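**Student:** Have a look at this one before I ask anything.
Protein chains: 2
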Amino acid sequence: MSDLESSLRDLLVIPSVSGEEDAIADYVVARLATKSDWRVDRVGNTVIAHRDGGPGPRLLLCGHLDTVPGDQGVDEDTDCFYGLGVCDMKGGLAVMLSLADRHCALPMTMVFYPCEEVAFERNGLHLLGPAEAMVADHDLAVLLEPTDGVVELGCQGSLRLRLELAGRRAHTSRPWMGVNAIDRVGELLARATDFERRRPLLAGVHFQESLSPTRVESFVANNVVPDRARLWLNYRFAPDLSGEQALEQLFEWLRPVLGDDDLLEAEEVVEGAAPVQEGFEALIESAGQVRAKLGWTDVSFLSSLGVPSVNFGPGDPLLAHGGNERLEKVKLHSSLETLASWIDSVAASV
Amino acid sequence: MSDLESSLRDLLVIPSVSGEEDAIADYVVARLATKSDWRVDRVGNTVIAHRDGGPGPRLLLCGHLDTVPGDQGVDEDTDCFYGLGVCDMKGGLAVMLSLADRHCALPMTMVFYPCEEVAFERNGLHLLGPAEAMVADHDLAVLLEPTDGVVELGCQGSLRLRLELAGRRAHTSRPWMGVNAIDRVGELLARATDFERRRPLLAGVHFQESLSPTRVESFVANNVVPDRARLWLNYRFAPDLSGEQALEQLFEWLRPVLGDDDLLEAEEVVEGAAPVQEGFEALIESAGQVRAKLGWTDVSFLSSLGVPSVNFGPGDPLLAHGGNERLEKVKLHSSLETLASWIDSVAASV
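So the sequences go chain by chain: D and S.
The end of the first sequence is residue 350 by my numbering, with every number in the run present.
The end of the second sequence is residue 700 by my numbering, with every number in the run present.
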């Protein structure tokens with residue numbers, strides 16, 4: 001039985017829904033405390049482990065400890081592990097723990113952090129405090145979010161816009177006396193095909209923007225043409241735009257159809273992260289595939305600290321949060337080997 | 351000071367929101383009880399008053415006692431009355447009380463009833479019980495709903511349909527992996543212009559159908575392409591269609607865009623009433639204007655009892671329920687005179 005599989009087995013049976021990471025943080029601390037060459041600090045449920053090394057680039061590996069809520073039972077067969085969080089991202093945590101067992105001449109830091117799946121304000125990586133400067137002082141970082149063994153570069157930004165479209169009430173027996181705000185939503189949705197979803201090529205990979213309505217609501221009474229309708233749009237924008245520029249793109253498109261009585265509010269804007277290949281060439285070659293990260297990940301935060309970083313981890317991101325997570329053992333092992341051989345190659349090139 | 355204005359003044363200061371018609375029914379009973387030629391029955395807050403007459407057609411006048419909730423103060427100037435319910439329909443009730451004062455050779459019944467503004471199940475006219483057969487035994491009926499002094503024939507039916515459109519969830523960073531149920535609402539709303547709003551000419555007046563979305567809702571999570579969206583449509587259909595036929599028209603139009611996982615439910619179907627001019631020619635001539643009733647009124651119920659009926663009353667229907675009701679005194683008086691002279695002409699033609 002490999003240590004890697006054994007670690008994942010251990011991690012899977014420890015529930016760690018966001019906000020309840022005490023037990024899993026205890027486990028990680030206990031595992032790393034047995035290694036004399038690692039220094040382990042814990043702040044709340046964030047575990048920061050550091051091992052000194054030679055003069056080469058300083059490596060940072062990050063993974064979150066929490067899962068979304070759910071009740072999928074833990075199971076295993078010859079080929080796969082099954083269980084809540086096995087993709088997102090206990091497979092990645094197991095890989096990190098196995099990498100800590102291996103000898104490496106490079107200085108390396110690992111951050112295991114809580115509350116990634118919930119509000120930014122609670123995310124352990126964003127609450128590093130004094131440790132932030134230390135974490136920022138790295139040359140290359142890998143975030144072990146599930147990428148199914150592909151190297152995913154950067155991440156897209158995300159903007160949530162709340163629109164409130166105004167109409168004029170009327171009795172439904174004479175709707176032409178008013179303006180139906182739901183009809184205005186319909187006109188806007190019909191126009192959404194005109195919004196350019198850009199597909200820029202950045203650092204060799206194509207990003208793909210998207211615009212999705214995520215919420216709509218309108219109602220006054222069963223026999224009333226409603227005078228208000230609220231629509232929420234989620235714009236996923238490529239990282240060559242800042243959040244402010246993304247907002248401007250959306251405003252530009254909306255401006256011709258908005259009236260004086262309409263309201264709009266950017267409820268949330270999170271910045272993307274520019275993709276980088278430099279420093280990760282061997283990882284990309286070894287993984288065999290590279291693409292843009294279309295979702296948002298903490299690579300954005302690492303980039304904002306100035307640390308070049310990529311997403312790479314075991315587990316199919318499409319299975320994350322789906323309630324039927326599974327991870328093929330062969331992919332778990334190959335993730336570990338790909339990362340380990342990349343680290344060796346970086347160390348060898350010093 | 352005319353009796354007509356005096357009656358309206360009295361009626362306006364008696365609050366009579368649906369369900370609280372005791373005081374206004376007391377007032378009506380007290381007013382009619384002073385007239386020796388009228389027999390007054392009261393069942394709950396429904397007041398049925400009858401006066402025998404000669405051999406001519408039996409006339410039925412109906413008006414509801416209740417108002418929608420509201421708090422507009424009662425006021426008056428040289429030209430107008432102001433107050434909650436002055437249009438809908440205390441002006442009409444005052445006209446009815448003044449008509450009861452006048453001599454007429456025809457047999458006549460008046461019904462003053464509660465809870466017209468709320469659910470059908472509470473509507474006093476629909477709860478006549480043993481009195482229904484007596485009420486049905488009339489030749490001509492006038493419902494004194496506000497029509498601004500125009501004769502409005504028949505009424506349109508109304509159908510409320512609830513649609514639940516199915517999609518497939520996806521993360522908003524990869525919306526193309528799913529089907530956004532809000533986009534499906536948008537496609538349906540865009541197609542709504544293809545739905546034929548018929549404009550049939552019936553008994554000399556044009557009806558005008560309409561289709562209004564009245565409610566929409568959809569939401570799963572801020573970063574999820576939603577897999578369900580609910581949309582309510584209100585179809586106002588001309589009275590040459592039954593409720594069942596109207597539903598079929600709507601189904602026919604929806605069928606090409608509905609999938610197996612979509613749901614639809616007719617939440618409410620109320621029948622319209624065919625327009626009739628016969629028997630009301632002199633009223634129409636005297637009013638000077640005739641048109642179709644596009645809203646739904648209890649003319650539908652009177653028609654279902656087999657009593658040919660029209661809508662005619664003082665008050666602008668567009669001001670009803672609007673919180674700023676007013677009624678010009680000149681129009682109040684002309685409504686009374688128009689009705690009285692019609693009744694005289696019917697009596698004279700016997």
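Positions of the beta carbon are idealized from the N, C-alpha and C atoms, including for glycine.
It should be emphasised that the depicted structure is a prediction, and the values quoted were computed from it without experimental measurement.
Need the endpoints of the beta strand (DSSP E) that E217/D sits in, please.
**Tutor:** By 1-based counting over the first sequence, the position of residue 217/D is 217. 210-219 is the extent of the beta strand (DSSP E) around E217/D.
**Student:** Along chain B, which residues have their Cβ under 9 angstroms away from the Cβ of F219/D?
**Tutor:** Of the protein chains in the structure, D and S, none is chain B.
**Student:** Which of helix, strand or coil does DSSP assign to R9/D?
**Tutor:** As a position in the first sequence, residue 9/D is number 9, starting the count at 1. Residue state, collapsed to three classes: helix.
**Student:** Can you look up F312/D in the DSSP assignment and give me helix, strand or coil?
**Tutor:** Position 312 of the first sequence holds residue 312/D. It is coil, neither helix nor strand.
**Student:** Mind checking if P239/D is an interface residue toward chain S, Cβ cutoff 8 angstroms exclusive?
**Tutor:** Translated into the one-based positions of the first sequence, residue 239/D becomes position 239. For P239/D, the answer is no, since every Cβ of chain S falls outside 8 angstroms of its Cβ.
**Student:** Residues bridged to L581/S by DSSP?
**Tutor:** For the purposes of this step, residue 581/S is identified with residue 231 of the second sequence, where counting begins at 1. Answer is L513/S, V566/S, bridged to L581/S.
**Student:** If you count every other CB in all the chains shown that lies within 10 Å of the CB of M351/S, and 16 or more means buried, which is it?
**Tutor:** Working through the second sequence from its first residue, we reach residue 351/S at position 1. Residue placement at M351/S cannot be trusted, given a pLDDT of 48 that sits under 50; what the coordinates show is reported in the next sentence. When all chains shown are included, M351/S counts as exposed.
**Student:** By alpha-carbon positions, which one of R39/D, C155/D, G313/D, T214/D ends up nearest to L161/D?
**Tutor:** Position 161 of the first sequence, counted from the start, is the residue given in the question as residue 161/D. Of the candidates R39/D, C155/D, G313/D, T214/D, the one whose C-alpha sits nearest the C-alpha of L161/D is T214/D.
**Student:** By the criterion of Cβ-Cβ separation under 9 angstroms, what are the contact partners of W646/S in chain D?
**Tutor:** As a working mapping, residue 646/S is identified with position 296 in the second sequence. Within chain D, the residues near W646/S are S173, N223.
**Student:** Below 6 angstroms CB to CB, which residues in the same chain sit around N311/D once its five sequence neighbours on both sides are set aside?
**Tutor:** On the first sequence, residue 311/D is found 311 positions in, with the first residue counted as 1. Result list for N311/D: L143, E145, T147, E152, K293, T297, V299, in chain order.
**Student:** For a cutoff of 8 angstroms on Cβ pairs, would you count R168/D as touching chain S?
**Tutor:** As a working mapping, residue 168/D is identified with position 168 in the first sequence. Not an interface residue.
**Student:** Would you check if the stretch 122-135 of chain D and the stretch 73-80 of chain D touch, i.e. whether three or more CB-CB distances between them fall below 8 angstroms?
**Tutor:** Too few Cβ pairs lie closer than 8 angstroms, so no.
**Student:** Using a Cβ-Cβ cut-off of less than 9 angstroms, give me the residues of the stretch 183-196 of chain D that come near chain S, in sequence order.
**Tutor:** Answer in chain order: D183, V185, G186, E187, L188, L189, A190, A192.
**Student:** List, in order along the chain, the chain D residues whose C-beta lies closer than 7 angstroms to that of P576/S?
**Tutor:** In the second sequence, residue 576/S corresponds to position 226, counting from 1. Under the 7 angstroms cutoff, chain D gives T214.
**Student:** According to the neighbour-count rule (16 or more other Cβ atoms, all chains shown, within 10 Å of its Cβ), is G272/D buried or exposed?
**Tutor:** To locate residue 272/D, count along the first sequence from 1; it is residue 272. It is buried - the Cβ of G272/D has at least 16 other Cβ atoms within 10 Å.
**Student:** For the candidate residues G406/S, K385/S, L409/S, G435/S, whose alpha-carbon lies nearest to that of T417/S?
**Tutor:** Translated into positions along the second sequence, residue 417/S becomes position 67. The shortest Cα separation from T417/S among G406/S, K385/S, L409/S, G435/S belongs to G435/S.
**Student:** From D544/S to E328/D, what does the alpha carbon distance come to, in whole angstroms?
**Tutor:** Numbered from 1 along the second sequence, position 194 holds the residue referred to as residue 544/S. Numbered from 1 along the first sequence, position 328 holds the residue referred to as residue 328/D. Cα-Cα distance, rounded: 51 angstroms.
**Student:** Give the range of the alpha helix (DSSP H) segment to which H333/D is assigned.
**Tutor:** The residue given as residue 333/D occupies position 333 in the first sequence. Here the alpha helix (DSSP H) through H333/D covers 329-348.
**Student:** Using DSSP with H/G/I as helix, E/B as strand and the rest coil, what is R197/D?
**Tutor:** If you number the first sequence from 1, residue 197/D lands on position 197. Here R197/D sits in coil by DSSP.
**Student:** Report yes or no: is there a C-beta of chain S within less than 8 angstroms of the C-beta of S18/D?
**Tutor:** Within the first sequence, numbered from 1, the residue matching residue 18/D stands at position 18. Judged by the 8 angstroms Cβ criterion, S18/D is not in contact with chain S.
**Student:** Return the CA-CA distance between G157/D and I48/D, expressed in angstroms with no decimal places.
**Tutor:** For the purposes of this step, residue 157/D is taken as residue 157 along the first sequence, with counting starting at 1. For the purposes of this step, residue 48/D is taken as residue 48 along the first sequence, with counting starting at 1. Straight-line Cα distance between these residues: approximately 27 angstroms.
**Student:** Below 7 angstroms, is the gap between the Cβ of D75/D and the nearest heavy atom of the ligand FMN?
**Tutor:** Of the ligands one can find in the structure shown there are none, so the ligand FMN has no counterpart to examine.
**Student:** Can you give me the C-alpha to C-alpha distance between H321/D and N473/S, rounded to a whole angstrom?
**Tutor:** Taking the first sequence and counting its residues from 1, the one referred to as residue 321/D is at position 321. Taking the second sequence and counting its residues from 1, the one referred to as residue 473/S is at position 123. For H321/D and N473/S, the distance between alpha carbons rounds to 51 angstroms.
**Student:** Pick from A25/D, F81/D, D101/D, S345/D: whose alpha carbon is nearest that of E285/D?
**Tutor:** For this step, residue 285/D is matched to residue 285 along the first sequence. Ranking A25/D, F81/D, D101/D, S345/D by Cα distance to E285/D puts S345/D first.
**Student:** Any beta carbon from chain D within less than 8 angstroms of M351/S's own beta carbon?
**Tutor:** For the purposes of this step, residue 351/S is identified with residue 1 of the second sequence, where counting begins at 1. Interpretation of M351/S is limited by its pLDDT of 48, a score under 50 that renders its predicted location unreliable; no figure is taken from the coordinates.
**Student:** Taking the alpha carbon of L165/D as the point to measure from, which residue in V150/D, D183/D, L60/D, R326/D has its own alpha carbon closest?
**Tutor:** Position 165 of the first sequence, counting from 1, holds the residue named residue 165/D. Closest option to L165/D, Cα to Cα, is D183/D.
**Student:** Report buried or exposed for P576/S, applying the criterion of at least 16 other Cβ atoms within 10 angstroms of its Cβ.
**Tutor:** Position 226 of the second sequence holds residue 576/S. By the neighbour-count rule (16 or more Cβ atoms within 10 Å), P576/S is buried.
**Student:** Might you give, ordered along the chain, the residues of its own chain that have their beta carbon closer than 7 angstroms to the beta carbon of D101/D, omitting 5 neighbours on each side?
**Tutor:** Indexing the first sequence from 1 puts residue 101/D at position 101. Same-chain partners within the cutoff: D3.
**Student:** Need the endpoints of the beta strand (DSSP E) that G91/D sits in, please.
**Tutor:** Indexing the first sequence from 1 puts residue 91/D at position 91. Here G91/D belongs to no beta strand (DSSP E); instead the alpha helix (DSSP H) covers 91-101.
**Student:** Give the straight-line distance between the Cα atoms of S592/S and A553/S, rounded to the nearest whole angstrom.
**Tutor:** The residue given as residue 592/S occupies position 242 in the second sequence. The residue given as residue 553/S occupies position 203 in the second sequence. About 17 angstroms.
**Student:** Taking 6 angstroms as the limit between beta carbons, can you name the residues of its chain near W582/S, skipping five residues before and five after?
**Tutor:** On the second sequence, position 232 is the one that residue 582/S refers to. Answer for W582/S: R512, T564, R565, listed in chain order.
**Student:** Can you pull the chain D residues whose beta carbon is under 7 angstroms from the beta carbon of N674/S, in chain order?
**Tutor:** Within the second sequence, the letter at position 324 stands for residue 674/S. Within 7 angstroms Cβ-Cβ: nothing; N674/S doesn't reach chain D, min ~13 angstroms.
**Student:** Just curious, the alpha helix (DSSP H) that A133/D is in, first and last residue?
**Tutor:** Taking the first residue of the first sequence as position 1, residue 133/D is located at position 133. A133/D -> alpha helix (DSSP H) spans 131-136.
**Student:** Given R518/S, which residues of its chain have a CB within under 7 angstroms of its CB, disregarding the five upstream and five downstream residues?
**Tutor:** As a first step, residue 518/S is located in the second sequence; it is residue number 168 there, counting from the start. Cβ within range, chain order: G528, V529, D577.
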